[in-house]
Amino acid sequence: GQNIDQPTEMTATEGAIVQINCTYQTSGFNGLFWYQQHAGEAPTFLSYNVLDGLEEKGRFSSFLSRSKGYSYLLLKELQMKDSASYLCAVFSGGYNKLIFGAGTRLAVHP
Amino acid sequence: EAQVTQNPRYLITVTGKKLTVTCSQNMNHEYMSWYRQDPGLGLRQIYYSMNVEVTDKGDVPEGYKVSRKEKRNFPLILESPSPNQTSLYFCASSLSWTGFNQPQHFGDGTRLSIL
């Protein structure tokens, strides 16, 4: 089967670091994407991993372990505007489609 | 400006009245897709298209139709809408269908309410 799991909700404090985990089981693997989605808005692309390891982009980093079917998104120096849902998605080469997890709603508090 | 444009943004209609949600992209993308988003369920794919005249079912295609007569347009058709199709709909596109380093670009969404 195809399955992507991530925590439903997380809270964190402004200025802190938070790690959002994602585990997946899919048929064929053409890469893992992280998207940010503010309430009522469209998802926007954050990062892409296809090889094992860490990809860093400013305050955001994403890690992938293909053998473990595991990824995480690391957000540093949290700001209030980072309060949003974070969607983990895997492109399944076997099915030619992007499979999304249900998303993790992050609330950043002062 | 590179974008995916959906219309309408909001629609309230009644059961059984045919409707079409349009989607257009100006990036010459091959791959286009329709998703619906419901609370607690995340984004679920309805239909996708790998290129002109090539469409295929996603995870939840029942009650929907699509067409891809031109590369830029990918309309979603609800022939006889029912209340369980009340949802937030997103159209998305990417350069190719392989997925490799091809992030999908999303439209602003269409909030559909069917009474």
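Which chain is which? The protein sequence lines are B and U, in order.
Note that the numbering used here has the first sequence beginning at 485, numbered continuously upward.
Note that the numbering used here has the second sequence beginning at 842, numbered continuously upward.
Backbone N, C-alpha and C fix where the C-beta goes; we use that ideal spot for every residue, glycine too.
By the criterion of Cβ-Cβ separation under 7 angstroms, what are the contact partners of residue i in chain B?
| i | result |
| --- | --- |
| Q886(U) | K581 |
| W938(U) | N580 |
What residue range does the beta strand (DSSP E) around residue i cover?
| i | result |
| --- | --- |
| D489(B) | N487 to D489 |
| W518(B) | L516 to Q521 |
| R790(U) | Since the first residue shown for chain U is 842 and the last is 956, residue 790(U) is missing from the structure and cannot be characterised. |
| K581(B) | K581 to F584 |
| S865(U) | L860 to Q866 |
| Y905(U) | Element bounds for Y905(U): n/a, residue is neither H nor E. |
| S954(U) | T951 to I955 |
Can you determine whether any heavy atom of the ligand FAD sits closer than 6 angstroms to the C-beta of residue i, and answer yes or no?
| i | result |
| --- | --- |
| S545(B) | Looking at this structure, you won't find the ligand FAD or any other ligand, since it has none at all. |
According to DSSP, is residue i part of a helix, a strand, or is it coil?
| i | result |
| --- | --- |
| K541(B) | strand |
| N892(U) | strand |
| K898(U) | strand |
| K565(B) | helix |
| Q945(U) | coil |
| V886(U) | It should be pointed out that residue 886(U) corresponds to Gln in this sequence rather than to Val. If DSSP states are grouped into helix, strand and coil, Q886(U) belongs with the strands. |
| N925(U) | helix |
Based on Cα-Cα distance, which residue from the options lies nearest to residue i?
| i | options | result |
| --- | --- | --- |
| S935(U) | F947(U), V855(U), R877(U) and C864(U) | F947(U) |
| T951(U) | N869(U), Y876(U), G857(U) and M868(U) | Y876(U) |
| S923(U) | Y872(U), F915(U) and G857(U) | G857(U) |
| T861(U) | P902(U), P849(U), V901(U) and V855(U) | P849(U) |
| S908(U) | L884(U), D900(U), M891(U) and V901(U) | M891(U) |
| G542(B) | Q521(B), G587(B), D536(B) and L558(B) | L558(B) |
| H870(U) | T896(U), L953(U), L884(U) and R913(U) | R913(U) |
| N942(U) | S567(B), F575(B) and S545(B) | F575(B) |
| H593(B) | D489(B), I488(B), N487(B) and M494(B) | M494(B) |
Applying a beta-carbon distance threshold of less than 9 angstroms, which residues of chain B neighbour residue i?
| i | result |
| --- | --- |
| N892(U) | None at all; the shortest Cβ gap to chain B is about 11 angstroms. |
Please tell me whether residue i has its Cβ less than 7 angstroms away from any Cβ of chain B.
| i | result |
| --- | --- |
| D879(U) | no |
| G857(U) | no |
| F941(U) | yes |
| Y930(U) | no |
| G950(U) | yes |
| F947(U) | yes |
Just the chain B side, please: which residues come within less than 8 angstroms of residue i by C-beta, in chain order?
| i | result |
| --- | --- |
| Y851(U) | Neighbours of Y851(U) on chain B: none; closest Cβ ~11 angstroms, over 8 angstroms. |
| Y889(U) | N580 and K581 |
| L882(U) | A586 |
So which residues on chain U does residue i lean against when the C-beta distance must stay under 7 angstroms?
| i | result |
| --- | --- |
| F529(B) | P944 |
| F517(B) | P944 |
| Y508(B) | None at all; the shortest Cβ gap to chain U is about 13 angstroms. |
Let me see if you follow: with CB-CB separation under 7 angstroms, is residue i close to chain U or not?
| i | result |
| --- | --- |
| G585(B) | yes |
| Y532(B) | yes |
| N505(B) | no |
| N487(B) | no |
Can you name the residues of chain U whose CB is closer than 9 angstroms to the CB of residue i?
| i | result |
| --- | --- |
| L571(B) | G883 and L884 |
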